[in-house]
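**Q** Pasting in a structure now, in structure tokens, and then I'll have a few things to ask.
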Amino acid sequence: MFEIRNLKVNYGGIEAVRDISFSVPDGSIVTLIGANGAGKSTTLRTIAGLVKARSGKIEFNGEDITNKEPTYIVQRGITLVPEGRKIFADLTVLENLKIGAYLRKDSIYDDIEWVYTLFPRLKERHWQLGGTLSGGEQQMLAVARALMSRPKMIMMDEPSLGLAPLIVKDIFKIIKEINRQGVTILLIEQNANMALQTADMAYVMETGEITLSGKGEELLRNEDVKKAYLGS
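Count along the sequence shown from 1, add 10, and you get the number used in my numbering.
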């Protein structure tokens, strides 16, 4: 479904992503784990068209989408839930959801009801301003807003960042349910333990390079991964 080949990305004179290649099979959950500054967020932002690649190729359903504009990427079926949520604080929950569907020409109300079934708390607060929601509710809104464009693949950048452990569990249950309903997921997550438990396939990034890959359950048992990312 999705493939990156020999991707290189520079920030000024710094090579942030160094010749990486990986694929995301249709219907799977794939995670990138690694320390801050490893190039994970840069990779997602490059896929989304927010950062330009220096070289390499990004393909989605057989189409070269390298360095296409963000609007085009969304139209093709890829959305990004950014780190820090980036919801519209002065708009209501419902207004945030409508903005997620801004490129659509068809009726969006069935999809609003669908995301409300995934996030019942958002339905209870549909009139509430985004900025008055709790951190966990804002993260739910960011994911729900991204789903409103009916993506084939959703990218999530640190969805559990700053959330209480119980809320983190809820977020990962939702990630699994979204995937079960047919959406492919590419996930960056600082909670490596949860990410590896959830993912079908995982890649470890260090200083802009992929240094290790395998099934999520395999990397959970890998001694180097345990020492570096799992605190054991």
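We put the CB at the ideal spot given by N, CA and C, even for glycine.
For Gln191, count neighbouring Cβ atoms within 10 angstroms of its own Cβ and tell me buried if that reaches 16, exposed if not.
**A** exposed
**Q** Measuring CB atoms only, is the segment 75 to 90 touching the segment 29 to 45, in the sense that at least three cross pairs come out at less than 8 Å?
**A** no
**Q** With 16 as the cutoff for other CB atoms within 10 Å, does Asp167 come out buried or exposed?
**A** By the Cβ-count criterion, Asp167 is buried, with 16 or more other Cβ atoms from all chains shown falling within 10 Å of its own Cβ.
**Q** Can you give the Cα-Cα distance for Gly87 and Ile57, rounded to whole angstroms?
**A** 12 Å
**Q** What span of residues does the beta strand (DSSP E) with Asn20 cover, start to end?
**A** Phe12 to Tyr21
**Q** Where does Lys78 fall in DSSP's three states?
**A** coil
**Q** Taking only the alpha-carbon atoms, compute the straight-line gap between Ile220 and Thr52 and give it to the nearest angstrom.
**A** Cα to Cα, Ile220 sits roughly 13 Å from Thr52.
**Q** Are the Cβ atoms of Gln149 and Leu176 separated by less than 9 Å?
**A** no
**Q** Quick check on DSSP: helix, strand or coil for Asp29?
**A** strand
**Q** Rounding to the nearest angstrom, what Cα-Cα distance links Arg15 and Ile68 in this structure?
**A** 7 Å
**Q** Measuring only the C-alpha atoms, how far is Ile118 from Asp36?
**A** Distance between the alpha carbons of Ile118 and Asp36 is about 24 Å.
**Q** Any chance the segment 133 to 152 sits against the segment 89 to 107, with 3 or more Cβ pairs inside 8 Å?
**A** yes
**Q** Do Gly218 and Ala63 have their C-beta atoms within less than 9 Å of each other?
**A** no
**Q** Does DSSP put Phe182 in a helix, in a strand, or in coil?
**A** helix
**Q** Which residue or residues does DSSP assign as beta-bridge partners of Ala67?
**A** The displayed chain sequence assigns Lys, not Ala, to residue 67. DSSP lists Arg15 as partners of Lys67.
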